[in-house]
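Residue numbers (this note's numbering), protein chains in the order written: chain Y, 1 to 423; chain L, 1001 to 1425. Quick reminder that beta carbons are idealized off the backbone N, C-alpha and C, glycines included. Note that the structure is a prediction, hence the values are computed from the model and not measured. First comes the structure, then the notes that go with it.
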Amino acid sequence: MNDREQISWLARRAAFGLTAGALDRLAPAGVDSYLDTLVRPAANGVSTSPDPAVGLTFSTDPTMRREEGLALAGRWLDHMVSTPRPLEEAMTWFWHDHFAVSLGQVKSAEPMARYLALLRTNALGNFRELVAKVSIDAAMLVFLDGATSTIGAPNENFGRELLELYTVGIGNYTEPDVRAAATALTGWVVRPREHYATTFVRSRHDPTPQSLFGRTVSDVASVVDAAVRSPACASYIARKLAVWFLGPDHDPSLHAGFAKTFVDNDLEVAPLVRAILRVGLDGRGGELVLAPVPWLIAARKALGVTLDVRVAHRYLAGAGQAPLMPPNVGGWPGPGAWLGSSSTAMRVSLASALVDQLPASSPLLRAASIGDLATLAALLGLPGAFSPATKNALAVFAATKPAGKAGAAVTAVALSSPDLLVA
Amino acid sequence: MLSRRKFLGLAAGSAAGGTAAWAALLRDHVEHRLAIPAPANPTTTALGGAATGGAALNDRVLVIVQMGGGNDGLNTVVPSLGAYHDARPTLALPDAALVPIDALGYALHPSLAPLRTRWNTGQIAAFHGIGFRAQSRSHFKAMDTWWAGTNGAASTTGWLGRWLDATEDDVANPLRSISLGTGAPALSGVRSVPTVVLDPAEFALRLPRGADAAAVTEAFLATSAPASPSRWLAAAQASVPSTLDAITVLRQVATSGDAASDRSTGAESDSSTNLLQSAAGIVELGVGTRVILVGMNGFDTHADQLDRHAALLADLADGITKFFDRLEASGHADRVLLLTTSEFGRRVAENSSGGFDHGLGGAQFVVGPAVHGRRVVGEPALDRLVDGDMPIGIDARSLYAVGLDWLGGPTDELLGGRFDRYGTL
């Protein structure tokens, strides 16, 4: 890959793609500078932007839940497009998939907004702190029943997923470990009528010391510490992030090095992500199938258009990836799911809805209408040319001067093509 | 053979020949692509039941209703045992509310009352204490075990994916296996890729304003060939034609029968009732579909079990009842066998949240005109709990054997052993 291709590669995988003209602005400073800015935005003088939920109001009226949830999802999608810290937001999205809390069960957007803010603030920070904060986050306490888990009858839901999904992974814990974690984590309650305030109620907590991974635990801090210190944890998180950024087909022998980087940096996320992306820039990544949300955000950035959240939500839900609504506690399924018929159909629908927003003067429409496929590919953020199949399909289609707004149908097919789904 | 362009062009609108002509052409098209030979030596002949049932083997459809999250089998098929009430002081179902079904003292959850008629006419059998002995209390590990059907042995293919692979014609019909409302690892084979439709009501292409639908569709189709040498790009290309075929078929289904009218009443589009109505439409259309998976969610009742479980089972019973009612009316019921699955049962004792944590053995149903039903196979052995959970007395591959027999096998070969069918088919 040359420098421009490397920047495009990094942008598609770690920054939701680029806006028009951004590649020309980034290229002179080079890919190393771009990577450092993504991983360490504050050190590079990139300020934070306001929490996208600022200004939203949340009622206790259950009939408003859907509207308030949609408003929050809409703000978040817009923030993914506009944030000056795109890797931080891409990692917020990753943690939403990892700690997959669903608005469908939490019911109120108010704690969901705070949960997202927590993920964003800690997105590239310390993993131990992130897990500890998520463990007593109101949305999570509601979602996995921690808020009703008490001495005498602990609810194992959160304790099990903390070990299986959030820290050490399947096969690296036992049933007694689950019970120990669940027992030590008892006592937290959530008060929905007080803006989902969380409180520790001593009388509901079981203080009996428990044994977890050879350590004595009796509260949130000690449980999380025991879990993240388990060697399986660093390996599990490093592998998951490697698959996230490099796709499923990279060399698994890389994982040990990533896990070591993670441990050597006291479970700081930024150095781990940097190491993984560096390996990808060196050409050791595999193909990556973009999930519907990252695909949509990259498309919006390339086209420079907005999309009404109702339209976006409808098609994203149809594709199987509505933000704030992961299908289950394990998050969204792997790359094969995004090749299913629903996702494929919804990709065409989203592409069409986006293309309909383009102004007649758009350079994309101009390039598409005259069959200038090299320009069209570049404007859509492809690092190289279209594949032979797509190139042929678009050339033949453009030559027929298709009906409707000049170039719109050709642009929609290009945006829907397999080429833009696979990074 | 009908060309794909002509096929899609005809399918694109009634102007091209009307629904009847379309359906005839589609059947012709699919028959050309299919022509599945009957298995040379179906194991079912040795069993009697399946091979001598009503429908020809190649016309048969297996429908799986997957209760995601882990259904509470004990409050689904309820035993008349003191230990049941002892373990569940607040969440045991009161005797008076139950639907009695069996001389042995079993009863159904009140929400399953719509199934009583079919139970009494012998069209439903239940398996109790069923599961995989290797299954875990983890949702994902347990789901993997159920999807693979290998009792824990590593497998990259699903139990029905292997059947689809073993019996597939050389020209694949993308509609041979369809999953509605859920992903479908159970249907994934080495060669067989299921068509996954999450929401049939939303399954259509919106195109740019003013665009010519047939022309855009044709151009999109053209991006699929020639196939790229890159693995995932090629897979993305392959999804294009199967998606267009599936849209064509499901558009027919959505505009016929009860699915559309159900939706207008405000029912949730992903309710099992609506998904099973789409499944019924697919069965009736006769486009070579052999396996349909229907996904339900929400059975992970760690809290607030009584209300949530009642609503879930009501949806299940309503879905199954309307599904078979419709197929009986259209004369297709004899072609169908329906099984339920769920990754595990729930713990016998209740937790502090008014719910049940993850358990082991569960209860599953087999439904259809060919079933030798009105019986509960196995038992919830509450006197022999494993770590507080109902033990697994019946290997889930017995349930799978019934399904594979229905499809024509080769059952024992695919399951790697012989599993008792308990005379349910």
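DSSP places L/H1358 in the strand class (E or B) of the three-state scheme. Here the C-alpha atom of L/V1294 lies approximately 17 Å from the C-alpha atom of L/L1164.
Taking each of L/T1076, L/D1086, L/T1090 in turn and checking the Cα distance to L/G1355, the smallest one comes out for L/T1090. DSSP places L/Q1123 outside any beta strand (DSSP E), giving it a letter other than H or E. Here the region 79–95 of chain Y makes no contact with the region 136–148 of chain Y; the two share fewer than three CB pairs at distances below 8 Å.
Look at L/A1154 here: in three-state DSSP terms it is coil, with no helix or strand label. Pairing L/D1357 with L/G1069 gives a Cβ-Cβ distance that is not under 7 Å. With respect to L/G1362, L/G1152 sits apart: the two C-beta atoms are not nearer than 7 Å. The beta carbon of Y/A71 sits closer than 6 Å to those of L56, all from its chain and outside the five residues before and after it, given in chain order. Leaving aside the five residues that flank L/L1175 on each side, the residues in its chain whose CB is nearer than 7 Å to its CB run, in chain order, T1195, D1245, A1246, V1249, V1287, G1288, T1289. Chain L places a beta carbon closer than 7 Å to that of Y/A389, counting this residue as a contact. Among the CB atoms of chain L, none fall inside 7 Å of the CB of Y/E67. The three-state secondary structure of Y/A197, taken from DSSP, is strand.
Rounded to the nearest angstrom, the gap between the Cα atoms of Y/A406 and Y/R366 is 8 Å. At a C-beta separation below 8 Å, Y/G318 has these neighbours in chain L: L1198, D1199, E1202, F1203. Per the coordinates, the alpha-carbon of Y/V273 lies some 11 Å from the alpha-carbon of Y/R40. Of all residues in the region 245–268 of chain Y, only G247, D249 place a beta-carbon less than 8 Å from a beta-carbon of chain L.
Just so you know, the alpha carbons of Y/P294 and Y/R347 end up roughly 12 Å apart. Looking from the CA of Y/V228, the closest CA among Y/D282, Y/L254, Y/A221, Y/R128 belongs to Y/R128.
Under a 10 Å Cβ-count criterion, Y/N122 is classified as buried, with 16 or more other Cβ atoms of the shown protein chains found around its own Cβ. Following the DSSP letters along the chain, one finds Y/W188 inside the beta strand (DSSP E) bounded by residues 188–191. When the alpha-carbon of L/H1302 is set against those of Y/D51, Y/F99, Y/L141, the nearest one is in Y/L141. Counting only Cβ-Cβ distances below 7 Å, L/N1351 has contacts in chain Y at A153, N155, in chain order. Of the residues L/P1200, L/A1154, L/A1238, L/G1149, the one whose Cα lies closest to the Cα of L/V1193 is L/A1238. In chain order, A389 make up the part of chain Y whose C-beta sits under 7 Å from the C-beta of L/S1224. The Cβ-Cβ distance between L/F1323 and L/L1276 falls below 7 Å. L/L1104 is classed as exposed because its beta carbon has fewer than 16 other beta carbons within 10 Å across all chains shown. DSSP places L/Q1066 within a strand segment (E or B) once states are collapsed to three. For the region 294–308 of chain Y, no residue has a beta-carbon sitting nearer than 9 Å to a beta-carbon of chain L. Residues of chain Y with a Cβ closer than 8 Å to the Cβ of L/I1292 do not exist; the shortest Cβ-Cβ separation is about 14 Å. Sixteen is the threshold: when 16 or more other Cβ atoms of the shown chains lie within 10 Å of the Cβ of Y/E161, as they do, the residue is buried. Within the DSSP bridge table, the entry for L/P1100 names L/A1107 as partners.
Each residue's CA atom was taken as its position, placing Y/P363 and Y/T19 some 13 Å apart. The beta-carbon distance between L/L1385 and L/V1348, rounded to whole angstroms, is 6 Å. This is short enough to meet the 8 Å contact definition.
For the pair L/F1344 and Y/R75, the Cα-to-Cα distance works out to about 38 Å.
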